[in-house]
Amino acid sequence: MTTTERTGTGRVDGGVPVLEARSLVKYFPVRRARFGVGGSAVHAVEDVTLALPESGITAVVGESGSGKSTLARMLAQLIKPTSGSVLLDGKPAVPGRSYARAVQLVLQDPFESLNPVHSVRYHLARPLQVHGLTGGASLDGLVTELLERVSLTPADEFIAKLPHELSGGQRQRVAIARALAVRPRVLLADEPVSMLDVSIRLGLLNLLADLRDRDGLAVLYVTHDIASARYLADQIAVMYAGQVVESGPAAPLTDEPAHPYTQLLLSAAPDPDRPTPPTLAAQGAPPNLTRPPSGCRFHPRCPHAMTVCTQTAPPAFALTGGHSSACWLHARDLTAAQSQPLQGRGRGGQDDGPQQATAKETPA
Ligand code: ADP
Ligand code: MG
27 MTTTERTGTG RVDGGVPVLE ARSLVKYFPV RRARFGVGGS AVHAVEDVTL
77 ALPESGITAV VGESGSGKST LARMLAQLIK PTSGSVLLDG KPAVPGRSYA
127 RAVQLVLQDP FESLNPVHSV RYHLARPLQV HGLTGGASLD GLVTELLERV
177 SLTPADEFIA KLPHELSGGQ RQRVAIARAL AVRPRVLLAD EPVSMLDVSI
227 RLGLLNLLAD LRDRDGLAVL YVTHDIASAR YLADQIAVMY AGQVVESGPA
277 APLTDEPAHP YTQLLLSAAP DPDRPTPPTL AAQGAPPNLT RPPSGCRFHP
327 RCPHAMTVCT QTAPPAFALT GGHSSACWLH ARDLTAAQSQ PLQGRGRGGQ
377 DDGPQQATAK ETPA
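Numbering (the working numbering), first residue to last: 27 to 390.
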């Protein structure tokens with residue numbers, strides 16, 4: 027995707043975020059413990075804190091299996107966190123109809139969420155009726171407005187169609203229109219363009235930006251594609267193996283990635299519009315989350331790994347401008363033993379240059 031810089035209008039001031047995740051943890055038990063021993067669990071999300079401001083798009087970026095969907099499902103209150111909390115307008119979220127109305131989830135595959143035997147009209151009218159939002163207006167009029175809101179025009183051409191009569195992009199627009207029907211405050215979009223043809227992705231991303239700008243929605247944009255996150259989002263949180271390893275404003279985070287994992291993601295996503303990141307020769311694949319690596323979960327793949335990385339999980343180090351990175355390379359006070367490179371690995375990948383997490387700060 028070409029990533030012409032957009033001037034995000036996302037408000038990232040000190041106000042109370044619309045939706046917040048505080049220290050969310052999710053373990054999925056995979057083998058039942060007998061007499062309290064022998065159980066194991068997938069450590070899918072580990073201590074994730076995230077804030078979604080009004081009129082802002084926050085991207086969660088990471089490879090498949092990094093816990094992005096699990097995080098989104100916890101935020102939608104479809105699954106219960108093992109620990110941690112979700113706050114709506116600064117107050118503990120209470121699952122139920124009013125929460126479901128305020129926080130809407132849009133999935134990757136609209137075929138999964140649209141009923142093949144029902145028309146577009148049915149899909150959009152139903153939430154209006156269920157939530158009593160017609161207010162005496164004509165249902166078809168409201169449905170038409172929703173279709174126009176997602177640029178499915180002229181609405182008459184779409185209203186009676188069945189899901190299979192629409193293209194993938196049109197189906198996703200219907201899924202978004204259905205989410206908008208209940209006038210939500212938050213839109214959680216889990217890989218909303220990943221199944222769509224590359225040529226129509228941009229239109230969908232621009233629709234999300236428009237919902238932020240015109241309707242003030244707080245948007246969570248979940249993606250494995252850091253280039254699209256840079257294009258669309260105001261803030262980015264990079265997840266690796268269930269944890270946020272780096273977060274901050276989208277442009278500085280992608281121009282000067284501080285965490286080796288973010289550098290790895292960016293080296294796999296060349297983009298003419300931003301400075302070339304350091305190339306990173308990381309090996310291997312994400313870890314098995316039933317037994318995550320000790321210390322930093324990225325250390326088995328990290329060409330910069332030091333002894334301390336195998337021992338202790340790094341805290342999030344605050345860099346400048348609201349940017350933070352959970353990597354021991356930012357620590358000032360490591361001992362010689364702690365900063366010993368791991369046996370058999372050079373410090374640095376193909377490029378041992380200055381960009382390797384040089385900003386040294388104190389833990390956030
Ligand atoms: P992503 O969306 O980033 O691809 P997911 O949140 O879907 O990641 O998954 C994170 C981890 O949790 C993966 O290892 C996945 O296999 C595991 N996982 C997700 N849902 C379940 C479940 N219901 N039961 C067991 N493991 C799960
Ligand atoms: Mg997913």
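Think of the CB as a built atom: it goes at the ideal place given N, C-alpha and C, for glycine as much as any other residue. All values derive from a computational prediction rather than experimental measurement.
{"Query": "Indicate, with yes or no, if the ligand MG has a heavy atom lying under 7 Å from the CB of E138.", "Result": "no"}
{"Query": "Only counting the same chain, and skipping five residues up and downstream in sequence, which positions put a Cβ closer than 6 Å to that of R152?", "Result": "none"}
{"Query": "With distances taken Cα to Cα, identify the nearest neighbour of K117 among R48, T84, P312 and H144.", "Result": "R48"}
{"Query": "Measure the alpha-carbon distance for V143 versus L213 and round it to whole angstroms.", "Result": "26 Å"}
{"Query": "Taking 8 Å as the cut-off, decide whether the C-beta atoms of S273 and I262 are in contact.", "Result": "yes"}
{"Query": "List the endpoints of the continuous alpha helix (DSSP H) containing M100.", "Result": "K94 to L101"}
{"Query": "Within this structure, are the beta carbons of H325 and P318 separated by less than 8 Å?", "Result": "no"}
{"Query": "Starting from S293, follow the alpha helix (DSSP H) in both directions and report where the run begins and ends.", "Result": "P286 to S293"}
{"Query": "Would you identify the three-state DSSP class for T316, choosing helix, strand or coil?", "Result": "coil"}
{"Query": "With a cut-off of 8 Å on the beta carbons, I'd call G172 and F184 a contact; round off their distance for me.", "Result": "One point to set straight first is that residue 172 is Leu, not Gly, in the sequence displayed. About 10 Å separates the two Cβ atoms, so there is no contact after all."}
{"Query": "Let's see if you can read the secondary structure: which residues bound the beta strand (DSSP E) around Q130?", "Result": "V129 to V132"}
{"Query": "Do L222 and G194 count as a contact pair if the criterion is CB distance below 8 Å?", "Result": "yes"}
{"Query": "How would you write the range of the beta strand (DSSP E) that S109 sits in, first residue to last?", "Result": "S109 to L114"}
{"Query": "Consult DSSP for I262 and reduce its assignment to one of helix, strand or coil.", "Result": "strand"}
{"Query": "What's the C-alpha gap between Q130 and A205?", "Result": "6 Å"}
{"Query": "Near the ligand ADP, which residues have their beta-carbon less than 5 Å from any of its heavy atoms, given in chain order?", "Result": "F54, V68, A70, S90, G91, S92, G93, K94, S95, T96 and L315"}
{"Query": "Write down the C-beta distance between R197 and P189 rounded to the nearest angstrom, noting that I regard them as a contact closer than 8 Å.", "Result": "6 Å"}
{"Query": "What residue ranges within the stretch 137-173 form continuous alpha helix (DSSP H) runs of no fewer than 4 residues, ordered along the chain?", "Result": "146-156"}
{"Query": "My assumption, with CB atoms under 8 Å, is that D175 sits in contact with A203. Please give the rounded CB distance.", "Result": "The question names Asp, but residue 175 in the sequence shown is Arg. With a Cβ gap of about 6 Å, R175 and A203 count as contacting."}
{"Query": "Roughly how many angstroms lie between the CA atoms of T338 and L76, to the nearest whole one?", "Result": "23 Å"}
{"Query": "Quick check: is any heavy atom of the ligand MG less than 7 Å from the C-beta of D216?", "Result": "yes"}
{"Query": "Which first and last residues belong to the beta strand (DSSP E) in which A215 is found?", "Result": "V212 to D216"}
{"Query": "Helix, strand or coil, according to DSSP, for I185 in the structure here?", "Result": "coil"}
{"Query": "Taking all protein chains shown into account, decide if E191 is buried (16 or more other Cβ within 10 angstroms of its Cβ) or exposed.", "Result": "exposed"}
{"Query": "Who are the Cβ neighbours of Q366 in its own chain at under 8 Å, not counting the five residues just before and after it?", "Result": "M332 and T333"}
{"Query": "Can you tell me which residues form a DSSP beta bridge with A85?", "Result": "Y247 and I262"}
{"Query": "Using 10 angstroms around the beta-carbon of T249, count the other beta-carbons present and answer buried if the total reaches 16, otherwise exposed.", "Result": "buried"}
{"Query": "State the Cα-Cα distance for the pair L216 and A85, rounded to the nearest angstrom.", "Result": "For clarity, residue 216 is Asp in the given sequence; the question names Leu instead. Using only the alpha carbons, I get a separation of about 10 Å."}
{"Query": "With a 10 Å radius around its C-beta and 16 neighbouring C-beta atoms as the bar for buried, classify Q269 as buried or exposed.", "Result": "buried"}
{"Query": "Is it right to say V120 is buried, meaning 16 or more other beta carbons lie within 10 angstroms of its own, or is it exposed?", "Result": "exposed"}
{"Query": "By a C-beta neighbour count over all protein chains shown, 10 Å radius and 16 as the cutoff for buried, is L400 buried or exposed?", "Result": "The structure shown does not extend to residue 400, since the chain is modelled only from 27 to 390, so the question has no answer here."}
{"Query": "Which value, in whole angstroms, describes the spacing of the CA atoms of P275 and G162?", "Result": "43 Å"}
{"Query": "Under 8 Å, do Y247 and R323 count as touching if we go by C-beta distance?", "Result": "no"}
{"Query": "Classify L50 as helix, strand or coil using the three-state DSSP reduction.", "Result": "strand"}
{"Query": "CB T280 to CB L290, shorter than 8 Å?", "Result": "no"}
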